[in-house]
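A.B. asks: Residue numbers for the sequence shown follow full-length UniProt numbering, beginning at 1 and rising by one.
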Amino acid sequence: MTPSLDLSLQFGTFPGAAAHREVLGTARVRKWIAIALDRPAEIGVRIVGAEEGQSLNRQYRGKDYATNVLTFDYTREPVVSADLVLCAPVVEREAKEQGKSLEAHYAHLLVHGALHAQGYDHETGDGQALEMEALEILLLGALGYPNPY
1 MTPSLDLSLQ FGTFPGAAAH REVLGTARVR KWIAIALDRP AEIGVRIVGA
51 EEGQSLNRQY RGKDYATNVL TFDYTREPVV SADLVLCAPV VEREAKEQGK
101 SLEAHYAHLL VHGALHAQGY DHETGDGQAL EMEALEILLL GALGYPNPY
């Protein structure tokens, strides 16, 4: 049985937002996040432009550039409560550089962010990074997407 997911999807104002809205329908985003969950969750997803993405990364991680996804996890038990912020221009640029569709890259980053929200962390050691990558490959394969690595 799939855990329940209370999802909020928001879009900031930025150039080219319409193309990202087309790819990121609520039902599709729900499917991508839900497959990565092992417990009930309340997750907000916000798609932002470069300026907002850079501001948030600087404020919360001390890094003065826009990154692809930021995960703000508030609680993990008994319900995952988190916000995922994806920077549309970065996601689009990376998709092109990696030869992926925008859809496939968003699917990967939302699965990735949902795993972070549950406590997975690829930055604390090679073992956890390999575990997280293997799980992402498995989940994306189940969704019909190729290995993102």
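For glycine and all other residues, C-beta sits at the position ideal for the given N, C-alpha and C. Quick caveat, the model's predicted, so the values are computed rather than measured.
Out of Trp32, Ala17 and Arg21, state which residue places its alpha-carbon closest to the alpha-carbon of Leu7.
C.D. replies: Nearest of Trp32, Ala17 and Arg21 to Leu7, Cα basis: Trp32.
A.B. asks: What number of angstroms, rounded off, separates the C-alpha of Gly25 from the C-alpha of Pro15?
C.D. replies: If you take the alpha carbons of Gly25 and Pro15, they lie about 18 Å apart.
A.B. asks: Mark Ala104 as exposed unless 16 or more other C-beta atoms lie within 10 angstroms of its C-beta, in which case mark it buried.
C.D. replies: By the neighbour-count rule (16 or more Cβ atoms within 10 Å), Ala104 is buried.
A.B. asks: Tell me, to the nearest whole angstrom, how far the beta carbon of Val45 is from that of Cys87; I am working on the premise that it is less than 8 Å.
C.D. replies: Actually they do not touch by this definition, with Cβ atoms about 12 Å apart.
A.B. asks: Determine contact between the stretch 81 to 98 and the stretch 128 to 135, defined as no fewer than three beta-carbon pairs at a distance below 8 Å.
C.D. replies: As far as the Cβ criterion goes, the stretch 81 to 98 does not touch the stretch 128 to 135, which means the pair count is below three.
A.B. asks: For Ala117, is the classification buried or exposed, using 16 other Cβ atoms within 10 angstroms of its Cβ as the cut-off for buried?
C.D. replies: Burial call: buried.
A.B. asks: In the DSSP assignment, what residue or residues form a beta bridge with Gln10?
C.D. replies: Arg46, per the DSSP bridge assignment.
A.B. asks: Considering only C-alpha positions, which residue in the set Glu42, Arg58 and Leu139 is nearest to His108?
C.D. replies: For His108, the nearest C-alpha among the options comes from Leu139.
A.B. asks: I need the DSSP call for residue 150, collapsed to helix, strand or coil.
C.D. replies: Lying outside 1 to 149, the shown extent of the chain, residue 150 is not represented and no answer is given.
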